[in-house]
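Structure first, then comments.
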Amino acid sequence: MIVFLYIKKLINTNLSICVVLQLEYICDECGSLLIHTNKNTLDSMKDIHNQLCVIKRKKLIESQKVKISNTTQKTVTKPIQTEIPRSVGSQVSEPVSSLEKINENTTVSLTGTGTGHSVLEGPIDASFKSKRQVSGKFKNVSVWGPIDAPGKLGVWGDNVCVDFDICI
Numbered sequence: 001m002i003v004f005l006y007i008k009k010l011i012n013t014n015l016s017i018c019v020v021l022q023l024e025y026i027c028d029e030c031g032s033l034l035i036h037t038n039k040n041t042l043d044s045m046k047d048i049h050n051q052l053c054v055i056k057r058k059k060l061i062e063s064q065k066v067k068i069s070n071t072t073q074k075t076v077t078k079p080i081q082t083e084i085p086r087s088v089g090s091q092v093s094e095p096v097s098s099l100e101k102i103n104e105n106t107t108v109s110l111t112g113t114g115t116g117h118s119v120l121e122g123p124i125d126a127s128f129k130s131k132r133q134v135s136g137k138f139k140n141v142s143v144w145g146p147i148d149a150p151g152k153l154g155v156w157g158d159n160v161c162v163d164f165d166i167c168i
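Residue 128 in the numbering used here sits at position 128 of the sequence shown, with consecutive numbering throughout.
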């Protein structure tokens with residue numbers, strides 16, 4: 001009865017009532033609370049949070065490490081053997097030898113833990129080229145700088161330059 005009288009009094013005094021509904025989302029992993037009045041905006045906020053949530057990222061990285069270790073244990077590399085007809089053998093032997101030459105020049109591995117490097121903060125380093133030397137080759141392509149695969153693979157290419165237009 002009191003609520004009814006209060007509403008009747010508000011109507012008689014020509015006051016407008018503004019009701020704002022807030023939608024909220026609480027992350028199951030870290031407990032972060034996201035609040036917004038627009039559902040589409042809240043959904044976008046959820047997507048971004050799911051990408052940046054520290055706890056979710058740690059769990060994702062751990063699951064990827066387990067997956068990588070399981071696949072490397074199961075995978076056994078076997079050389080591919082093909083039979084080449086004698087009449088075509090002289091024509092095909094040159095590409096095979098050049099492929100072997102490329103693989104012989106490979107000194108960089110693409111596997112590893114990727115945890116032996118630190119995160120670099122700050123602006124683009126203008127003296128990058130003078131600080132880096134060729135540290136290996138991968139299929140005849142020079143690899144510059146420190147390597148800690150798969151997280152840090154250096155810079156690939158025969159020439160290294162600094163481009164100040166790149167924004168990440």
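Ideal Cβ placement from N, Cα and C applies to all residues, glycine included. Everything numeric in this text was worked out from a predicted model, so none of it was measured.
Beta-carbon contacts of residue i that lie in its chain and below 8 Å, excluding the five residues immediately before and after
i   : result
C30 : C53, V54, I55 and K56
K39 : L23
S44 : none
is_contact[residue i, chain B] using C-beta, thresh 7 Å
i   : result
I48 : Given the protein chain composition of this structure (a single chain), no chain B is represented.
Run of the beta strand (DSSP E) containing residue i, from where it starts to where it stops
i    : result
S142 : V141 to W144
Beta-bridge partners of residue i, as assigned by DSSP
i    : result
K59  : Paired residues: none, contrary to the question.
K137 : S142
E24  : I35
Other residues of its chain near residue i: CB distance less than 7 Å, five sequence neighbours each side excluded
i   : result
C27 : H49 and C53
L33 : E24 and I26
K46 : Y25 and L34
L42 : L23, Y25, L34 and H36
Integer-rounded CB distance, given that residue j should sit under 8 Å from residue i
i   : j   : result
T37 : L60 : Not a contact, Cβ separation roughly 31 Å.
Other residues of its chain near residue i: CB distance less than 6 Å, five sequence neighbours each side excluded
i   : result
N70 : none
L62 : In the sequence under discussion, the amino acid at residue 62 is Glu, which differs from the Leu named in the question. Correct list: empty, nothing qualifies.
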